[in-house]
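S.K.:
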Amino acid sequence: MTEDNRIRRIAIIGGGTAGWMSAAALAKVLGPAYARITLVESDEIGTVGVGEATIPQIGVFNRMLGIDENDFVRRTKGSFKLGIQFVDWRRKGHAYFHPFGKFGLDMEGVSFHAYWLRLRAAGLAGPIEDYTLMAKAAEMGKFMRSVNAGNSPLSAISYAFHFDAGLYALFLRDHAERRGVKRIEGRVVQVHQRGEDGFIRAVQLEDGSEVEADLFIDCTGFRGLLIEQTLKAGYTDWSNWLPCNRAVAVPCEGGQDIAPFTRSTARDAGWQWRIPLQHRIGNGHVYCSDYISDDEAAATLLANLDGAPLADPRFIRFTTGHRNRYWDRNVVAIGLSSGFMEPLESTSIHMIQSGIAHLLANFPDRTFNPVDAERYNRVIRTESEEIRDFLVLHYKATERDDTPFWNRCRTMAVPDRLAEKIRVFENSGRTFRENEELFNDTSWFAVMVGQGLVPRTYDPVANVLDLETTRARLDEIRSTVAASADFMPRHRTFIAQHCAA
Ligand SMILES: Cc1cc2nc3c(=O)[nH]c(=O)nc-3n(C[C@H](O)[C@H](O)[C@H](O)COP(=O)(O)OP(=O)(O)OC[C@H]3O[C@@H](n4cnc5c(N)ncnc54)[C@H](O)[C@@H]3O)c2cc1C
């Protein structure tokens, strides 16, 4: 019989979004009989406190926890998100939409993208946004959840959320504590390693008490108290491809309407986010300090708000990249401690979710066979690289030549995998989702078309339908999308009816 070597004690260090998401998920999946879970957090240090836009995968996480969606939106003063509008990214005065879900309908086994490119080449297509309900509804300020309506696009409404990150952490804390997670308030001042192998034995708090565990989850944010300051896992810097290294954030008053999408507006040396919640709008300016000072960045942000600011601007510094080992010995880094990419496509909270899912899929026992950590590290690294490439595309594929920052981005060499994706698209208009990468062919297509890449020709298999049939079918899709968007309630009305804070 094999020995029961199961992990008996888990210590999560840090109580930001990463800490409480980890605590809630591990408590739900493992249960109190499996292992005792303790979370240590320090009110004095606080959390990074931003991170308010998400992608649809978070719905899977919340459902796994058994969370009622209306309750979640209400308690986090949240709103719904149908995608991201990119303003001034391709050139000043231009805007496009990266929707969740899909464009149009694949027909005869051929992708909708191919038919649309063919029709566009013939001068007969409308803007790509006309062929997806997510973009059309966003434009009209509408939102509802999917209903059972057969082939109608109303049956497949894809969405994510905007929420107050601090309230989400509190909401999850509630869930985790009800499932037996013990919370300790206090600052970790020392980390004790075992002599023989350098595994972490315990963390020591200011009052001298120690928290011992078999497995430690480092959720201490950018500082990486265990993974970096103690285990020296190392960091790979990606700023050559994603040069922004600072952000300044400020909430402001919102208006009557709540836009059901995130807006990203390119600025001279970076970009600005706008995330509408029920009670305010979250704003931030992500920029590169080589080209603009902190004061100028804050001034740009404050000059471009929809309403009066509700707090002083907060500055955050970061280095884009990732930890060389996310999992080292008995420490797994999740959240900002594991690395960071700017929130251009709202991927950080998803990476927390992914870290938790892969930890559970490769869950160790007390022998900590390195095989589990090796696999985990490889999978998370690949996922990060794929997201990185998608973000780099936004900067590289631009016509902007009006500032030194944009000239640098437009002319930079990009990672090989991205260079190949661009070559493939420029040849035939094809986009692919490789392996299990997060962003699918629709996302790649939306951003490549939106940023102004033009394929040499369309996918030849689109010729299976003659041009007139293609035109008639796409016109029908377009009018069904418009009629469906008309039918939907306003986003504000939907929230008032279902989940007002
Ligand atoms: C500018 C910016 C914008 C972002 N926007 C988005 C977005 O729109 N969407 C998205 O998905 N993500 C976004 N993110 C990322 C998101 O904010 C983070 O992924 C998320 O907040 C998780 O943070 P965290 O929990 O890892 O770290 P933190 O929030 O920094 O939490 C760290 C925790 O560790 C504790 N701690 C640290 N040291 C000690 C110690 N010595 N003793 C005890 N406790 C300690 C702290 O008290 C705190 O509880 C953004 C990030 C930035 C910087």
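Residues in the sequence shown are numbered from 36 upward in steps of one, following this note's numbering. Even for Gly, the Cβ is constructed at its ideal location relative to N, Cα and C.
Measuring only the C-alpha atoms, how far is ILE327 from ILE351?
M.R.: If I take the Cα positions, the gap works out to 15 Å.
S.K.: Return yes when the Cβ of THR52 is within less than 8 Å of the Cβ of GLY370, no when it is not.
M.R.: The answer is yes: Cβ separation under 8 Å.
S.K.: Would you kindly report the start and end of the unbroken alpha helix (DSSP H) that includes ASN404?
M.R.: Counting along the chain, ASN404 falls outside any alpha helix (DSSP H), and DSSP gives it neither H nor E.
S.K.: Indicate whether ALA333 and VAL283 have their beta-carbon atoms separated by less than 8 Å.
M.R.: Cβ atoms of ALA333 and VAL283: closer than 8 Å.
S.K.: Look up THR271 in the DSSP assignment and give the residues it is bridged to.
M.R.: DSSP, once it has assigned bridges, lists HIS357 as partnering THR271.
S.K.: Please go through the same chain and pick out, in chain order, the residues whose beta-carbon is closer than 8 Å to the beta-carbon of ASP141, but skip the five residues on each side of it.
M.R.: Excluding sequence neighbours, ASP141 sits near PHE147.
S.K.: Would you kindly work out how many angstroms separate the C-alpha atoms of LYS267 and ASP123, rounded to a whole number?
M.R.: Rounded to the nearest angstrom, the two C-alpha atoms are 41 Å apart.
S.K.: HIS526 and GLY305 look like a contact to me (Cβ under 8 Å); what is the Cβ gap, rounded to whole Å?
M.R.: No, HIS526 and GLY305 are not in contact; Cβ-Cβ is about 28 Å, not under 8 Å.
S.K.: Determine the closest residue to ALA173 out of LEU100, ALA200, ALA520, PHE529, with distance taken between C-alpha atoms.
M.R.: The candidate whose alpha carbon is nearest that of ALA173 is ALA520.
S.K.: Taking its Cβ as the centre, do 16 or more other Cβ atoms sit within 10 Å of ARG491, making it buried, or is it exposed?
M.R.: Burial call: exposed.
S.K.: Please state whether DSSP places TRP124 in a helix, a strand or coil.
M.R.: Coil.
S.K.: If I follow the unbroken alpha helix (DSSP H) through ILE93, where does it start and stop?
M.R.: Residues 93-99.
S.K.: Grab me the residues of ARG513's own chain with a C-beta within less than 7 Å of its C-beta, minus the 5 sequence neighbours each way, in chain order.
M.R.: These residues qualify, in order along the chain: GLY161, ASP165, TYR166.
S.K.: Since GLU472 contacts LEU426 with CB under 8 Å, what's their CB separation in whole angstroms?
M.R.: Not confirmed; about 13 Å, so no contact.
S.K.: Taking 8 Å as the threshold (beta carbon to beta carbon), is VAL484 in contact with chain B?
M.R.: Note that chain B does not occur in the displayed structure, where there is just one protein chain.
S.K.: For the beta strand (DSSP E) that contains ARG315, what are its first and last residues?
M.R.: Run containing ARG315: none; DSSP gives neither H nor E here.
S.K.: State the DSSP-derived secondary structure class of SER381, mapped to helix, strand or coil.
M.R.: Correct three-state label for SER381: coil.
S.K.: Can you give the beta carbon distance from GLY50 to ALA156, rounded, assuming they're within the 8 Å contact cut?
M.R.: Actually they are not in contact, since the Cβ atoms of GLY50 and ALA156 sit about 54 Å apart, beyond 8 Å.
S.K.: Identify whether GLY485 lies in helix, strand or coil by the three-state DSSP scheme.
M.R.: Reduced to three states, the DSSP call for GLY485 is helix.
S.K.: Using 7 Å as the cut-off, classify the Cβ of SER478 as near or not near the heavy atoms of ligand 1, replying yes or no.
M.R.: False, no ligand heavy atom lies under 7 Å from that Cβ.
S.K.: Could you tell me whether the Cβ atoms of ASP249 and ILE42 are closer together than 8 Å?
M.R.: Their beta carbons are under 8 Å apart, which means ASP249 touches ILE42 by this criterion.
S.K.: Whose C-beta lies closer than 7 Å to the C-beta of VAL83 among residues of the same chain, with five residues either side of it excluded?
M.R.: Around VAL83: GLY51, GLY256, ILE351, LEU371.
S.K.: I want to check one thing, is the minimum distance from the CB of THR382 to the heavy atoms of ligand 1 below 7 Å?
M.R.: Checking every heavy atom of ligand 1 against the Cβ of THR382, one is found closer than 7 Å.
S.K.: Can you tell me which of the three DSSP states GLN388 falls into?
M.R.: GLN388: helix per DSSP, three-state reduction.
S.K.: Determine the extent of the beta strand (DSSP E) in which CYS287 is found, giving its start and end residues.
M.R.: Unbroken beta strand (DSSP E) run through CYS287: 281-287.
S.K.: Apart from the five residues just before and just after GLY487, which ones in its own chain have a Cβ nearer than 7 Å to its Cβ?
M.R.: If we look at GLY487 and ignore the five residues flanking it on each side, its Cβ neighbours are ARG125, ALA432, GLU434.
S.K.: When you measure from the CB of SER77 to every non-hydrogen atom of ligand 1, does any distance come out below 7 Å?
M.R.: At least one heavy atom of ligand 1 is nearer than 7 Å to the Cβ of SER77, so yes.
S.K.: Taking 7 Å as the cut-off, is the beta-carbon of ARG258 closer than that to any non-hydrogen atom of ligand 1?
M.R.: Yes - ligand 1 has a heavy atom lying nearer than 7 Å to the Cβ of ARG258.
S.K.: Out of GLY485, ASP476, PHE403, state which residue places its alpha-carbon closest to the alpha-carbon of HIS429.
M.R.: When each option's Cα is compared against that of HIS429, the closest is GLY485.
S.K.: To the nearest angstrom, how far is it from the Cα of GLU104 to the Cα of GLY94?
M.R.: Cα to Cα, the separation comes out at about 8 Å.
S.K.: Just verifying my parser: in three-state terms, what is the DSSP assignment at LYS63?
M.R.: If DSSP states are grouped into helix, strand and coil, LYS63 belongs with the helices.
S.K.: Exposed or buried, GLN120, counting other C-beta atoms within 10 Å across all chains shown (16 or more means buried)?
M.R.: With 16 or more other Cβ atoms within 10 Å, it is buried.
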